[in-house]
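Undergrad: Here it is, the structure, as structure tokens.
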Amino acid sequence: DTAVSQTPKYLVTQMGNDKSIKCEQNLGHDTMYWYKQDSKKFLKIMFSYNNKELIINETVPNRFSPKSPDKAHLNLHINSLELGDSAVYFCASSQDLITGELFFGEGSRLTVL
Amino acid sequence: ELKVEQNPLFLSMQEGKNYTIYCNYSTTSDRLYWYRQDPGKSLESLFVLLSNGAVKQEGRLMASLDTKARLSTLHITAAVHDLSATYFCAASGAGSYQLTFGKGTKLSVIP
Numbered sequence: 037d038t039a040v041s042q043t044p045k046y047l048v049t050q051m052g053n054d055k056s057i058k059c060e061q062n063l064g065h066d067t068m069y070w071y072k073q074d075s076k077k078f079l080k081i082m083f084s085y086n087n088k089e090l091i092i093n094e095t096v097p098n099r100f101s102p103k104s105p106d107k108a109h110l111n112l113h114i115n116s117l118e119l120g121d122s123a124v125y126f127c128a129s130s131q132d133l134i135t136g137e138l139f140f141g142e143g144s145r146l147t148v149l
Numbered sequence: 488e489l490k491v492e493q494n495p496l497f498l499s500m501q502e503g504k505n506y507t508i509y510c511n512y513s514t515t516s517d518r519l520y521w522y523r524q525d526p527g528k529s530l531e532s533l534f535v536l537l538s539n540g541a542v543k544q545e546g547r548l549m550a551s552l553d554t555k556a557r558l559s560t561l562h563i564t565a566a567v568h569d570l571s572a573t574y575f576c577a578a579s580g581a582g583s584y585q586l587t588f589g590k591g592t593k594l595s596v597i598p
């Protein structure tokens, strides 16, 4: 049973399109995150939700909109995709905000043409 | 703002040799984490270090934390090819929920 699962694993799309990535965790964790890993492997946090409540919202274009329907799910919707959005997006979860140890999904590689 | 710096960023070492990866962070941190990422794969948690002087070992890897020096090290003993991966350290600022990652150290172990 995959602990943190993301779909799709790969997305290839044209500039200007809208796309969504879904994430689910079955660990019973309270906190979920979206991270972006660029081509140089640098990891940067985008959003964090704790019990469905937005906790961290880094400087991310408002074309990116996270949604957490329940504490086991955190989805990411991206509008009007740009070339610079090409990256690997990782979902992660942690037991709570304090514990901090992250469990990552397998990543969703987004390529914008 | 917390900054986390790792060095070296690239490391090529022969099997059987020892080496250390360093992770410095700029402000007081409650916790320090080490992760491993294989090419095209997810990140796997290796160590969680929660207090000054903490030392944890798993196989050929040993991690330590010196909060006074704001330094964590990941020591590799008698490297084997299977250890080839990118290793990230991450820290959270005191009272902060947010993890800041270093740029990663890409380790290649050569036969």
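Chains as they are written, first to last, in the numbering used here: chain A, 37 to 149; chain B, 488 to 598. Backbone N, C-alpha and C define an ideal beta-carbon position, used for all residues, glycine too. No experiment lies behind these values; they were computed from the predicted model shown.
Going by other Cβ atoms of all chains shown within 10 Å of its Cβ, with 16 needed for buried, is A:Pro102 buried or exposed?
TA: Here residue 102 of chain A corresponds to residue number 66 of the first sequence, with the count starting at 1. A:Pro102 should be labelled buried.
Undergrad: For the beta strand (DSSP E) containing A:Pro102, list its first residue and its last residue.
TA: As a working mapping, residue 102 of chain A is identified with position 66 in the first sequence. Where A:Pro102 is concerned, the enclosing beta strand (DSSP E) stretches over 100 to 106.
Undergrad: Step through the CB atoms of chain A and report whether any lies within less than 7 Å of the CB of B:Gly591.
TA: By 1-based counting over the second sequence, the position of residue 591 of chain B is 104. True, the Cβ-Cβ gap to chain A drops below 7 Å.
Undergrad: What in chain B is Cβ-close to A:Ser84, meaning under 8 Å?
TA: Locating residue 84 of chain A in the first sequence gives position 48, where the first residue counts as 1. Here the neighbours are Tyr584, Gln585.
Undergrad: So with Cβ pairs under 7 Å, would you call A:Lys58 a contact of chain B?
TA: Stepping through the first sequence from its first residue, residue 58 of chain A is reached at position 22. A:Lys58 does not count as touching chain B.
Undergrad: Would you decide whether A:Asn98 is buried or exposed? Buried here means 16 or more other CB atoms lie within 10 Å of its CB.
TA: Here residue 98 of chain A refers to the residue found at position 62 of the first sequence. It counts as exposed.
Undergrad: By the 10 Å Cβ neighbour count, where 16 or more other Cβ atoms means buried, how is A:Asp66 classified, buried or exposed?
TA: Mapped onto the first sequence, residue 66 of chain A falls at position 30. That one is buried.
Undergrad: Short of 9 Å Cβ to Cβ, which residues in the region 512 to 531 of chain B face chain A?
TA: Under the 9 Å Cβ criterion, the region 512 to 531 of chain B contributes Asp517, Arg518, Tyr520, Tyr522, Gln524, Gly527, Lys528, Ser529, Leu530, Glu531.
Undergrad: Straight-line CA distance for B:Arg518 to A:Lys55?
TA: What you label residue 518 of chain B is simply residue 31 of the second sequence in a count that begins at 1. What you label residue 55 of chain A is simply residue 19 of the first sequence in a count that begins at 1. Taking the straight line joining both Cα atoms gives about 35 Å.
Undergrad: If we count the other Cβ atoms within 10 Å of its Cβ and call it buried at 16 or more, is A:Val124 buried or exposed?
TA: Within the first sequence, residue 124 of chain A is the residue found at index 88, counting from 1. A:Val124 should be labelled buried.
Undergrad: Is B:Asn539 near B:Thr554, with beta carbons less than 7 Å apart?
TA: Numbered from 1 along the second sequence, position 52 holds the residue referred to as residue 539 of chain B. Numbered from 1 along the second sequence, position 67 holds the residue referred to as residue 554 of chain B. In this structure, B:Asn539 sits near B:Thr554, with a CB-CB distance shorter than 7 Å.
Undergrad: Using a C-beta cutoff of 7 Å, does A:Phe100 count as contacting chain B?
TA: Mapped onto the first sequence, residue 100 of chain A falls at position 64. Taking Cβ atoms only, chain B never reaches closer than 7 Å to A:Phe100, which makes this a no.
Undergrad: Using beta carbons (cut-off 7 Å, strictly below), is B:Val491 in contact with chain A?
TA: Start at 1 with the first residue of the second sequence, and residue 491 of chain B comes out as number 4. So no, B:Val491 is outside the interface.
Undergrad: Under a CB-based cut-off of 7 Å, is B:Val542 close to chain A?
TA: In the second sequence, residue 542 of chain B corresponds to position 55, counting from 1. Residue-level contact by beta carbon fails for B:Val542 and chain A, as no gap is shorter than 7 Å.
Undergrad: Where do the ends of the beta strand (DSSP E) carrying A:Val96 lie?
TA: To locate residue 96 of chain A, count along the first sequence from 1; it is residue 60. No beta strand (DSSP E) contains A:Val96, which DSSP labels as neither H nor E.
Undergrad: For A:Leu112 and A:Met68, which I take to be in contact (beta-carbon distance under 8 Å), what is that distance rounded to the nearest angstrom?
TA: Start at 1 with the first residue of the first sequence, and residue 112 of chain A comes out as number 76. Start at 1 with the first residue of the first sequence, and residue 68 of chain A comes out as number 32. So it is not a contact: roughly 11 Å between Cβ atoms.
Undergrad: Report the three-state DSSP secondary structure of B:His568 (helix, strand or coil).
TA: In the second sequence, the residue the question calls residue 568 of chain B occupies position 81. B:His568: helix per DSSP, three-state reduction.
Undergrad: Count the other CB atoms, across all protein chains shown, that sit within 10 Å of the CB of B:Lys490; report buried if there are 16 or more and exposed otherwise.
TA: The sequence position of residue 490 of chain B within the second sequence is 3, counting from 1. If you draw a 10 Å sphere on the C-beta of B:Lys490, you find fewer than 16 other C-beta atoms in it, and that means exposed.
Undergrad: I'd like to know if A:Leu133 contacts chain E, where contact means its C-beta is closer than 7 Å to some C-beta of that chain.
TA: Of the chains in the structure shown, none is chain E; the protein chains are A and B.
Undergrad: Distance cutoff 7 Å, beta carbons only. Does B:Ser595 sit that close to anything in chain A?
TA: The sequence position of residue 595 of chain B within the second sequence is 108, counting from 1. Taking Cβ atoms only, chain A never reaches closer than 7 Å to B:Ser595, which makes this a no.
Undergrad: Applying a beta-carbon distance threshold of less than 9 Å, which residues of chain B neighbour A:Gly141?
TA: Numbered from its first residue, the first sequence carries residue 141 of chain A at position 105. Result: Ser529.
Undergrad: Looking at A:Val40: is its Cβ nearer than 7 Å to the Cβ of A:Gly136?
TA: The sequence position of residue 40 of chain A within the first sequence is 4, counting from 1. The sequence position of residue 136 of chain A within the first sequence is 100, counting from 1. Going by C-beta atoms, A:Val40 is not nearer than 7 Å to A:Gly136.
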